[in-house]
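Participant:
In our numbering, the protein residues as written are 1308 to 1390.
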């Protein structure tokens, strides 16, 4: 099984909707992965990548991380993150 957002949805609300269907464990693993990937990208961990590609990846990971955080925060308020 892959990460919850392997195929990036076209908009933020769609991403949140898809993430709500995942388990809390999946969401937490994905959040951890996204944080590590962002840190590596921002600190030139992938310096072989062209700047444009790195920028696109940072944007995608940041958007996905924001969606993950929103779902996990809502779930903790409701007592149930994910599905």
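We put the CB at the ideal spot given by N, CA and C, even for glycine.
Restricting to Cα atoms, I'd like to know which of 1380, 1381, 1382, 1376 is closest to residue 1340.
Facilitator: Closest option to residue 1340, Cα to Cα, is 1376.
Participant: Could you spell out where the alpha helix (DSSP H) holding residue 1335 opens and where it closes?
Facilitator: Segment 1331-1349, the alpha helix (DSSP H) holding residue 1335.
Participant: In this structure, does DSSP put residue 1354 in helix, strand or coil?
Facilitator: Coil at residue 1354, not helix or strand.
Participant: Along the chain, where does the alpha helix (DSSP H) that runs through residue 1320 open and close?
Facilitator: That run of the alpha helix (DSSP H) goes 1319-1326.
Participant: Using the C-alpha atoms, what's the distance from residue 1365 back to residue 1349?
Facilitator: Their backbone Cα atoms lie some 8 Å apart in a straight line.
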